[in-house]
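A quick write-up on the structure given underneath.
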Amino acid sequence: MRQKENLLIIFFTVVFLAGCSKVVTNNPAENILDEIVKRGELRVGLNAGYYPFEVQNNKGEIVGLDVALANEMAKELGVKLTIINTAWDGIIPSLMSKKFDLIASGMTITLERAKKVSFSDPYFFTGQTVLLNKKYLGKITEVSQLNSPSYTVVAMLGTTGEFAVQKNLPKAKIKVFKGEADAAQEVAFGRADAFVYDQPLVLNYYNKFKDKTYTLLEPFTFEPLGFAVRRGDPDFILWLNHFVRQVKGDGRLQAMVDKYMNNPGWLE
Numbered sequence: 146m147r148q149k150e151n152l153l154i155i156f157f158t159v160v161f162l163a164g165c166s167k168v169v170t171n172n173p174a175e176n177i178l179d180e181i182v183k184r185g186e187l188r189v190g191l192n193a194g195y196y197p198f199e200v201q202n203n204k205g206e207i208v209g210l211d212v213a214l215a216n217e218m219a220k221e222l223g224v225k226l227t228i229i230n231t232a233w234d235g236i237i238p239s240l241m242s243k244k245f246d247l248i249a250s251g252m253t254i255t256l257e258r259a260k261k262v263s264f265s266d267p268y269f270f271t272g273q274t275v276l277l278n279k280k281y282l283g284k285i286t287e288v289s290q291l292n293s294p295s296y297t298v299v300a301m302l303g304t305t306g307e308f309a310v311q312k313n314l315p316k317a318k319i320k321v322f323k324g325e326a327d328a329a330q331e332v333a334f335g336r337a338d339a340f341v342y343d344q345p346l347v348l349n350y351y352n353k354f355k356d357k358t359y360t361l362l363e364p365f366t367f368e369p370l371g372f373a374v375r376r377g378d379p380d381f382i383l384w385l386n387h388f389v390r391q392v393k394g395d396g397r398l399q400a401m402v403d404k405y406m407n408n409p410g411w412l413e
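Here the sequence shown is numbered in the numbering used here, starting from 146 and rising by one per residue.
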């Protein structure tokens, strides 16, 4: 009889521990939303050099569409905002090592990146376009014409522009740069034939070098932009998705787009 009682005790103990284990497992590994509110600070990583999303003004302040959105996030959370400027090729590793809470840096949502991070719903849509040296005006009218060893095409390292060039223009001579300004100048001063990059940036560099360049402004890729966070925290993603829907619905996002996208002189 006692042996049966002991067996029953062991059985129910195992069931109880299994239940406890299940409860612990179901808890998220990280709840960054609670941590942000507790510390009173939202830390946002970006790469300040991506006009009009994030760029330094003449006072040295980092401003732009993503910064404006990050400020709205901080207001909604009731915390202060801290911007952490980070090199583009190290921005995901810095997020993973918890140097900041999220990336708000005009990052395209891709399946490859989604293996490493979680993305919010898109807050903006763009695509890759081309800045060309003006000597090709009237001669090159389609992106596909650049797919030849005769042409040197430049892109920014680690961007979807680089991926688009590799995929769509594999026969071209490809050069990559860490800075977008360097890549654009290669085209403007005739050291390269074309620069593939996001539409707002291509338009910006065309406005800077109108006498030396022209553009094929119709995007040849479709790219949704989203906020990136560490994987394993569904509550934070859910909050960000609600935030995106809210600023779209109440007109705040459109007002920011009008200011930073449709007003070329906003940085002056």
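Glycine included, C-beta positions come from ideal geometry on N, C-alpha and C.
Cβ-based neighbour list, residue 236, same chain, cut-off 7 Å, excluding 5 preceding and 5 following: Here residue 236 corresponds to residue number 91 of the sequence shown, with the count starting at 1. Taken in chain order, the residues that qualify are 190, 192, 248, 250.
Measure the alpha-carbon distance for residue 219 versus residue 338 and round it to whole angstroms. In the sequence shown, counting from the first residue as 1, residue 219 sits at position 74. In the sequence shown, counting from the first residue as 1, residue 338 sits at position 193. Between residue 219 and residue 338, the C-alpha separation is close to 43 Å.
DSSP state of residue 172, grouped into three classes? Along the sequence shown, read from residue 1 onward, the residue named residue 172 stands at position 27. At residue 172, the pLDDT of 46 sits below 50, so the modelled position is not reliable and the matter cannot be decided from this model.
Is there contact between the segment 192 to 204 and the segment 343 to 354, where contact requires at least three CB pairs shorter than 8 Å? Yes, the segment 192 to 204 is in contact with the segment 343 to 354.
Look up residue 369 in the DSSP assignment and give the residues it is bridged to. For the purposes of this step, residue 369 is taken as residue 224 along the sequence shown, with counting starting at 1. Beta-bridge pairing links residue 369 to 270.
From residue 269 to residue 370, what does the alpha carbon distance come to, in whole angstroms? One-based indexing of the sequence shown puts residue 269 at position 124. One-based indexing of the sequence shown puts residue 370 at position 225. Whole-angstrom Cα-Cα distance: 5 Å.
Would you grab the beta carbon distance between residue 298 and residue 341 for me? Rounded to a whole angstrom, and I think it's under 8 Å. By one-based count along the sequence shown, residue 298 stands at place 153. By one-based count along the sequence shown, residue 341 stands at place 196. Yes, residue 298 and residue 341 are in contact; Cβ-Cβ is about 6 Å, under 8 Å.
Apart from the five residues just before and just after residue 437, which ones in its own chain have a Cβ nearer than 6 Å to its Cβ? The structure shown has nothing for residue 437, since the chain only spans 146 to 413.
DSSP-derived helix/strand/coil call for residue 336: Position 191 of the sequence shown, counting from 1, holds the residue named residue 336. Coil at residue 336, not helix or strand.
So, are the CB atoms of residue 385 and residue 265 less than 9 Å apart? Locating residue 385 in the sequence shown gives position 240, counting from the first residue. Locating residue 265 in the sequence shown gives position 120, counting from the first residue. Yes, Cβ-Cβ distance for residue 385 and residue 265 is below 9 Å.
Can you tell me the Cα-Cα spacing of residue 332 and residue 239, whole angstroms? Counting from one through the sequence shown, the residue named residue 332 turns up at place 187. Counting from one through the sequence shown, the residue named residue 239 turns up at place 94. If you draw a straight line from the Cα of residue 332 to the Cα of residue 239, it is about 32 Å long.
Counting only runs that start and end within the segment 223 to 258, where is the beta strand (DSSP E) found for 3 or more residues in a row? Fully enclosed beta strand (DSSP E) runs of no fewer than 3 residues occupy 225 to 230 of the segment 223 to 258, in order along the chain.
Alpha carbon to alpha carbon, how far is residue 306 from residue 317? Give it in angstroms, no decimals. Numbered from 1 along the sequence shown, position 172 holds the residue referred to as residue 317. Numbered from 1 along the sequence shown, position 161 holds the residue referred to as residue 306. If I take the Cα positions, the gap works out to 14 Å.
Bounding residues of the alpha helix (DSSP H) (the contiguous stretch that carries residue 184): Reading the sequence shown from its first residue, position 39 is the one you call residue 184. Residue 184: member of the alpha helix (DSSP H) spanning 177 to 184, first to last residue.
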